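Asker:
Numbering (my numbering), first residue to last: -17 to 119.
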């Protein structure tokens, strides 16, 4: 029995990609298994921990909840796409202030914080807590 596959084309970290995957395949699985972008961590696989947070068209989402077919034509940014060969200012700040901890939540925190700062370069403490509250550490 042959499993049905869906062809999807989208952009990841400013690069065009296309993959053929089962329709039930989650974005987190495609990123990690098909595209080898292992910076996106999967902690709970249920959308509870936020470790798999990526940006889809600039909006933070839990990649473990998103069927990959839904990102067809979209732009996806993973933690690997936040910097180009050098640490971003946010990544450098995480490093400088010891915010990396064990590393499982760090990619999700970086992506969620990036989304916040793109929307509001000077967020309040409450806005920061709200934006990062979906990523458990």
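Even for Gly, the Cβ is constructed at its ideal location relative to N, Cα and C. Please read these numbers as outputs of a predicted model, since none were measured by experiment.
First and last residue of the beta strand (DSSP E) that includes residue 58?
Answerer: Residues 57 to 59.
Asker: Using C-beta distances below 7 Å, list every residue in its chain close to residue 60, excluding the 5 sequence neighbours before and after it, in chain order.
Answerer: Counting only Cβ-Cβ distances below 7 Å, and skipping sequence neighbours, we find -6, -5, 13, 19, 21, 22, 36.
Asker: Tell me, please, whether the region 37 to 48 touches the region 89 to 99 by the rule of three or more beta-carbon pairs shorter than 8 Å.
Answerer: Yes, the region 37 to 48 is in contact with the region 89 to 99.
Asker: Determine the extent of the alpha helix (DSSP H) in which residue 94 is found, giving its start and end residues.
Answerer: Counting along the chain, the alpha helix (DSSP H) containing residue 94 begins and ends at 88 to 101.
Asker: With a CB to CB cut of under 8 Å and the five nearest residues on each side skipped, what residues in its chain are close to residue 76?
Answerer: The answer, listed in chain order, is 82, 88, 91, 92.
Asker: Inspect the beta-carbon positions of residue 33 and residue 114 and report whether they are closer than 9 Å.
Answerer: Their beta carbons are not under 9 Å apart, which means residue 33 does not touch residue 114 by this criterion.
Asker: Can you grab the Cα-Cα spacing for the pair residue 47 / residue 30, in whole Å?
Answerer: One C-alpha to the other measures close to 10 Å.
Asker: Reducing DSSP to helix, strand and coil, say where residue 53 ends up.
Answerer: Of the three classes helix, strand and coil, the one that applies to residue 53 here is helix, per DSSP.
Asker: What first and last residue would you give for the beta strand (DSSP E) that runs through residue 112?
Answerer: Not the beta strand (DSSP E): residue 112 falls in the alpha helix (DSSP H), residues 107 to 114.
Asker: Beta-carbon separation of residue -12 and residue 3 under 9 Å?
Answerer: Yes, they are a contact pair.
Asker: Round the Cβ separation of residue 7 and residue 71 to the nearest angstrom and send it over; I've been treating them as touching at under 8 Å.
Answerer: Actually they are not in contact, since the Cβ atoms of residue 7 and residue 71 sit about 34 Å apart, beyond 8 Å.
Asker: Name the two residues that bound the continuous beta strand (DSSP E) containing residue 37.
Answerer: 35 to 38 is the extent of the beta strand (DSSP E) around residue 37.
Asker: Taking all protein chains shown into account, decide if residue 80 is buried (16 or more other Cβ within 10 angstroms of its Cβ) or exposed.
Answerer: Burial call: exposed.
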